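Beneath this line is the structure, given in structure tokens, with notes to follow.
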Amino acid sequence: MSDPVSALQGQTYDGFARITEAGLHGMITLRADLASKKLAKALKTQGFALPEPRRVMASGDRSALWMSPDELLLILPYDQAAPTVAALEGALAGEFVLVADVSDARALFRISGARAPEVLAKLCPVDFARLAPDEVRRTRAAQVAAALWCSAPDEFSLISFRSVAGYVMGVLEHSARPGSELTCA
Amino acid sequence: MRRYSVFAVAREALRFHQGWARAWANPEPKKRYDVVIVGAGGHGLATAYYLGKNYGIRNVAIVEKGWLGGGNTGRNTTIIRSNYLQDPSAAIYEKARSLYEGLSQDLNYNVMFSPRGLLMLGQTEHEVRGYKRTVWANNLQGIETEWIDTARVQKLVPIMNTLGPRYPVLGALYQARGGTARHDAVAWGYARACSDMGMDILQNCEVTGVRSAAGQVQGIDTSRGPIDCGKLAIVVAGHSSVLAEMAGFRLPIESMALQALVSEPIKPCMDVVVMANTVHGYMSQSDKGEMVIGGGTDGFNNYTQRGSWQHVEETVRALIETFPMLSRLKMMRQWGGIVDMTGDRSPILSTTPLGNCFVNCGWGTGGFKAIPGSGWAMAELVAKGTPGPLAAEFGLNRFKEGRFIDESVAAGVAH
Amino acid sequence: MLTLTCPCCGVAAEETELAPGGEAHLKRFGPGASDEDFETYMFARKNPKGVHFERWRHAYGCGKWFLAARCTATLEVFGTYPAQTTEPPADLIARIKTRRPDWEGCK
Amino acid sequence: MSTRLATGGRLIDRTKPLNFTFNGKRLRGFAGDTLASALLGANQMLLGRSFKYHRPRGLVGSGVEEPNALVGLGRSGRFEPDQRTTTTELFDGAETVSQNHWPTLDLDIGVVNNWAYRFLPAGFYYKTFMFPRFAWKHLFEPIVRRSAGLGRAPSLRDEDRYEQAYGFCDVLVAGGGVAGLAAALAAARKGARVIVLEQTAHWGGRAPVDGGTIDGQSPDDWIRNTLQTIEKMENVTLRRRCMAAGLYDHGYVLGYEQIADTTPGDGRPRHRLWRIRAARVVTATGALERPLAFAGNDVPGVMLASGLRDYLVNWAVSPGDRTVIVTNNDDAYRTALALHEAGLVVPAILDARASVTGALPDAARALGIRVLEGRGIAKVHGGKRVTGVSVCAQAGEGSVLEDIACDAVAMSGGWSPIVHLWSHCGGKLLWDAPRAMFRPDAARPPTGADGQPMAVAVGAANGVFALSAILAEAKDTAPAPAIPAPDDEAPMAPVWVMPQGAPDALRYKMWLDFQNDVKVSDVQLAAREGYASVEHTKRYTTLGMATDQGKLSNINGLAILSDALGQPIPATGTTTFRPPYTPISFGAIAGEARGEIFQPLRRTPMHEWHATHGAHWEPVGLWRRPYTYLRHGEGLHDSVRREVRNTRAAVGLLDASTLGKIVVKGPDAGKFLDMLYTNMMSTLPVGKCRYGLMCSENGFLSDDGVVVRLSEDSWLCHTTSGGADRIHGWMEDWLQCEWWDWKVHTVNLTEQFAQVAVVGPNARKLLEKLGGMDVSAAALPFMTFTEGVLAGIRARVFRISFSGELSYEIAVPASEGMAFWTACLQAGEDLGLMPYGTEALHIMRAEKGFIMIGDETDGTVIPQDLGLGWAISKKKADYLGKRAQERAHMANPDRWQLVGLETLDGSVLPDGVLALAAGVNGNGQKNTQGRVTSTYFSPTLNKGIAMGLVRHGPQRMGEVLDFPTEGGKVVQARICDPVFYDKDGEKQNV
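Printed below as a string of structure tokens:
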């Protein structure tokens, strides 16, 4: 058995905000009729609550992110992804759903510090002042797709595709360089 | 017509240039013309000019909604080349290029054709293969192009970064006889020559309807009154669909915004035209010293002559990667034009479902370079009622038959 | 630089988050269709200078396709609606008519 | 001479002297200076040369309108040409050089153009330089080009960094003068989220220089108090040194922020480009003073009255000791008063108006300044510096009434509202005849996404100059109904030419565009020759096409054009206002996207290993794949051949992770795939693989790949490396927009897996060494797959081959991709394993006659052309592209079809070369009958092999074709079977 590694293996950068590649996380894409009761039940069994559109529902080490009208992204510890996929597939057998382990297809970044939104405001066409506290925003970070949300006070999480993790780190670093703050201290 | 020459300028200088005549007349519309051409851009005026010159048809009006040369003729990046892959394109663009060579003398108007050479950079293996294919095709088409290596590219364009690292320049498709011309002068030179032949250029004359009877065109209604015609040629890039609807048919065309921009003027630093299709940027330096830069096309229908900003960013990023010195220059002006995009991105010179009504459109982002050839072929089509060899493959029927002329196969984009 | 509100997720997305997809409500013609019908489906485009119905994909967002009614002469957006329909919704048509009294409707 | 006064200067800090150089000369200014004020304070009036005639040029204005005083700034990687001195803040160590002259600024050979001015009117080049034909390119154009242009081109890579940012607000206020601040405050008090952009380093605009009272306070006090109030409001963001550069559709505003221009190398971004989405935009952009057109108005020392006043009040710089004022309005009297107050001499005020009354003229008279009514300037004396003016009657033809000695002239032709931002996105203007200005027409504003007005103009930008009116107007952020004149000022009188009846000789000396050398006579010539549209005139004369984009010249020019055409000014109209308002750096436009982060680079999990093991990269979409792995001292060709031979003889390893992997699942997935692929996928048994083709709806082959039936209701579709996102989008398009009632889900799992191809006779042995799975021929036959654990890693193993060898493709979680790759390398050590790159892959597939999307296809090729009829189901009623393929041209038996080609001499055919046919076509082009689509040296067969498309090719086996190549040489090649190697497939099926 080998040790799985994340794209950037936990690389960090300290600028006017702290950028961290957050290592491996379990991630499951679920495509289904989100109104299905069976689905809600299956999720509940696995420790997830169904989020409202464009929202994240976190409980403990598990979060469910609303990605589109028929798609959720479940985040959980890396080693629990495969058994959870199996459990969900079992619980939803015969239903029109697709459960896919995407843990290795993504990279997760944390941008932390009081000025975290300033880093992201340089890269994403998003009105951060109007973003709801539990809102998931799928958007563009410079030239690549990203999903982001406020995951803790003064902390944003950002998910990108794994292959562009180096690029995302690059643009985050560029944007977090000391001296380039968007507002006066 | 009073001929232009250095002697004429000298004579006029002594009397403060009071003796110059109008370059073109400003007549009132007549009731009827043998041929009415809608659109006094380069293509429309060239069509009129060659109708007169090649076929002796001079009872012609060129009807223009705004000011002549005010559409894409006056808002493009003035690149002239004929290094096309497909035979029909190569033929008409090469016809145009060769006419450009003698156009100043032919029109007695200096259009400043500058065959300074044109490079299309190969920056991926795939692109290199595509351009080599074009070179072989051009050789058989009678067009002088060659594939040159990186060292020669660097020698021709010292300010270029050929090393990458992202997209190192692997060589280039070089057309030494490609170049640029002064876009306005092309329209003005043709206009002056048409006017001199007795043709009427009717500016500020908007077409509001096309009249027909028994499937044959009868005339047009305009903001300056009705005008009858024997034949009608629609040559209105950007608004082709609008005119086609008036004439009762639909075209395989969508109107989209294309942008261009210029830097502040600097002393000469680049003597050739450079196109980098992998990163979607192309650039030349004007005689005034501005770096003239072509941008990308929007993907949605738009008649505003304003494009979307992100395309400017994409273009500038790409060019800075290839020309790092550009970073410290400044963008002086950006603008947009409306281009006709056809189903196969190649032009249409065609008869139409309406009798004696002809259409010349769909030049996409590459119309300026084609003007003389397009006018030449369109004049033949209008005069004879059927296309000659230059226009034969560009008919509307090709979309029904699935017989496309697709240039994107070699170059990605066509400008 | 357009902004369109995705009817599928509600985000007011800017153009760089979207991908344009051409004319909406085209009827597909497959095997058995005449050459004319197939050509019309593939190539003949309304391309109006004015009210236009078109397809967009919220490519950098929820990934869903949707449809928009937009003026190609002013870029005014009359509304967006889901792609799973063969014609624009009636309330949108009514709204366009109040904004563009001369509009001849969907042809 | 120009000099620094001993006292005054509201913007400079005399305790902070700054050193800088101009053409190598060491000069000194103060903190707060602009380059222009510092140069002028150091008595440097001559700053450059004009574009066409190379006439001496000095400062005209004090801001963005300046056309003349442009310099090269900085050195090496920070050199920048065409820097406007009036808007560049002085910093210690600034190095500046003047432009457009040879050999020196004082002695410029190019000035010969000036002596020949009569022979070089507008558009002379259209009438000359035509003979002989070659002369334009080889003789005339090089001369024209060298004498044109302004600054020297930078030659080095930019050392600075740039960035961009997004902003959002309800109200964006462009301009931080009194009108802008008042509007911002009013909007903020209503609760709006407000952003205020001010292009200079200072708030308050012109008011502190021009004086007056605002709400009973002095301008300086009002500005300070207002700012204090605003700064406390959380819903307002103030940004100085940030210009609103352009207004685009749907309220998109570009803000150009200059951050580190004066602190080069401090690590901060030099510029930041803001992309701000505003619900409403308030244009509070002020107004620009117009010059007057009189003979010699371009001689250094002739300046705008407001600019001259700015130098005096803001920077305590006196442009001259004796300044003659020439005006058609009251505002210029402020300059006279300011000069007088500074102790400088105003010999006379020449006022073109027949009679002058009012508070400002009275104040001037009270100070003893001569006010000459109905007078103008006949001619300015001096070459590189004003020495005096000849006075004439404005109503006359220029007879000299008196000469006045002076070393500066302050001119004012009235004010033009700055309507650029208003106009960028379709806002219309109206002509305000009494005050001779175009101003925003509130009835025809630019409209936004909702079709409602998205901009409102306030203050001077709206033609409102009185401070009291500005305040009232700004408070409700709507245009004032009546347009009052500035407080207590008499009406101006439009003056377009001075004197009114000036003869040609004078008109040839009246400049409109100072940088491009366009004169009154040029515009009149254009009109005479029929270049009657304002756009024609602009383009024919180059009026307004200089770096100031006509800020000073446009209104005067079109007034003169209108006069020449005998039509009112509004009938002539303006040229189009295009962004940016003033030039902005390309660096800022590119933002962070340069160098490493110029574009996203997609990396597979094994990317770093490749990089450290000799990979010669090939870009494939945004991926970069190893073309080959170079060993020490090896050339590219040798390396590729080694890799092919080794793979065929032993075993090779390929990183195939970039291949697209899309899962399609659901009750209707089979039906859907049958529509998507030309062949039948619904019948594929679970556990089996099938090669499939996809076509566009237009019939052309668009992608290919192996499809795997994972389970009863799910399939895995492999796509090409470049095709994954495109094909996934294509699937979703059809599912969402056409067959939305079909129950199918898709998910793009391309990046979930690292995929490794183990290829060659020893492939099975290698997998067996990895252990954990039965990969025998019986357990895992050709075109099947299995799942399990390999080398301790969860793996899906496909028995497929793109090389003709015994071959497995193994998909493992991306996070373990590198571990799996390493395991393979270790296991393969004694099996002769070598990694191979894309070129070896291509050669091996060509040896087997497999097509490659992008080589055999180019968007014009249908599967039938490629002998792939076997992959097109005859049973299906429909699939995407089927109807298209029935069209006349696509069903034509004359289409070129795929064959193999082998040269008679064993050489390699050049890429893309065409096969000649007899004769020429209607356009005289040589006829062709085929072309090469792929061509390689085959290390396996030790000769050139190729594939190509040839008319009736498959029926012409053995025929020899002529391929003309370089220099008329012809290479001959014989048509053959495209499968060159192992025709019976024995090697892959073991």
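Residue numbers (this note's numbering), protein chains in the order written: chain L, 5 to 189; chain C, 4 to 418; chain R, 9 to 115; chain E, 186 to 1175.
Don't be surprised by glycine CBs; every beta carbon is placed ideally from N, CA and C.
None of the values given here were measured: they were computed from a predicted structure.
| request: Name, please, each residue of chain L whose Cβ falls closer than 7 Å to the Cβ of R/G69. | output: R142, T143
| Comparing the C-beta of C/W379 with each C-beta of chain E, is any distance below 8 Å? | no
| request: In angstroms with no decimal places, state the Cα-to-Cα distance between E/A221 and E/A254. | output: 7 Å
| When Cβ atoms are compared, which residues of the segment 38-58 of chain R fall closer than 9 Å to chain C? | D43, E44, F46, E47, T48, M50, F51, A52, R53, K54, N55, P56, K57, G58
| Tell me which same chain residues have a C-beta within less than 6 Å of the C-beta of E/L545, skipping the five on either side of it? | D515, Y518
| message | Under DSSP, the alpha helix (DSSP H) around E/H913 begins and ends at which residues? | response | 909-922
| task | Kindly indicate the opening and closing residues of the alpha helix (DSSP H) around E/H609. | result | 605-609
| request: Determine the contact status of E/Y1121 and E/A775, defining contact as a CB-CB distance below 8 Å. | output: no
| Beta carbon proximity, E/D267 to chain C, threshold 8 Å | yes
| field | Contacting positions in the segment 69-97 of chain R - beta carbon closer than 7 Å to chain E | value | G71, K72, W73, T82, L83, E84, V85, A91, Q92
| request: Let me know if E/T868 comes out buried or exposed under the rule of 16 or more other beta-carbons within 10 Å of its beta-carbon. | output: exposed
| request: Give the range of the alpha helix (DSSP H) segment to which E/A1031 is assigned. | output: 1023-1032
| said: What residue range does the alpha helix (DSSP H) around C/F402 cover? | reply: 401-404
| Are the segment 395-410 of chain C and the segment 272-280 of chain C in contact at 8 Å, needing three or more beta carbon pairs? | no
| request: For C/G44, return the contacting residues in chain R, with the cut-off set at a CB-CB distance below 8 Å. | output: Within chain R, no residue comes near C/G44; the closest Cβ sits about 17 Å away, beyond 8 Å.
| request: Would you please verify whether the beta carbon of C/T127 is less than 8 Å from any beta carbon of chain E? | output: yes
| message | By the three-class DSSP mapping on this structure, what secondary structure does E/I668 have? | response | With a pLDDT of 45 at E/I668, under the threshold of 50, the modelled position of this residue cannot be trusted, and the question is left open.
| request: For the segment 146-175 of chain L, enumerate the residues whose C-beta is nearer than 7 Å to any C-beta of chain R, in chain order. | output: A149
| said: Considering Cα atoms alone, identify which of C/L17, C/G22, C/R18 is closest to C/R5. | reply: C/G22
| message | Just to confirm the assignment, what range does the beta strand (DSSP E) spanning E/E265 have? | response | 265-269
| query | Alpha carbon to alpha carbon, how far is E/I668 from E/R494? | reply | Reliability of the predicted coordinates at E/I668 is poor, the pLDDT of 45 falling under 50, and no value is obtained from them.
| said: With DSSP as the reference, identify every bridge partner of E/P288, one or two as the case may be. | reply: E/D293
| task | Within 10 angstroms of the Cβ of C/P390, are there 16 or more other Cβ atoms? Answer buried if so, exposed if not. | result | buried
| query | Going by alpha carbons, who is nearest to C/G218 out of C/F407, C/G251, C/D152, C/G398? | reply | C/G251
| task | Classify E/D898 as buried or exposed, calling it buried when 16 or more other Cβ atoms lie within 10 Å of its own Cβ. | result | buried
| request: Using beta-carbon positions only, say whether E/T789 and E/T843 come within less than 8 Å of one another. | output: yes
| field | C-alpha distance - E/L382 paired with E/D434, whole-angstrom precision | value | 19 Å
| Do we get a CB-CB distance below 8 Å when we pair C/C443 with the residues of chain E? | As shown, chain C starts at 4 and ends at 418. That puts residue 443 of chain C outside it, with no answer to give.
| task | For the segment 116-129 of chain L, enumerate the residues whose C-beta is nearer than 7 Å to any C-beta of chain R, in chain order. | result | P129
| task | Determine the DSSP secondary structure at L/T16, reduced to helix, strand or coil. | result | strand
| message | Can you find the residues in the same chain that come closer than 6 Å, C-beta to C-beta, to C/D203, ignoring five residues on each side of it along the sequence? | response | P30, A64
| Span of the alpha helix (DSSP H), counted from its first residue to its last, around E/I782 | Careful: E/I782 lies outside any alpha helix (DSSP H) and carries neither H nor E.
| query | Of all the alpha helix (DSSP H) runs that stay within the bounds of the segment 293-343 of chain C, which reach a length of 4 or more residues? | reply | 312-325
| Sub-8 Å separation of E/Y238 and E/D689 beta-carbons | no
| In chain order, which beta strand (DSSP E) runs of at least 3 residues are fully inside the segment 14-60 of chain C? | 35-41
| query | At a Cβ threshold of 8 Å, is E/R462 touching chain R? | reply | yes
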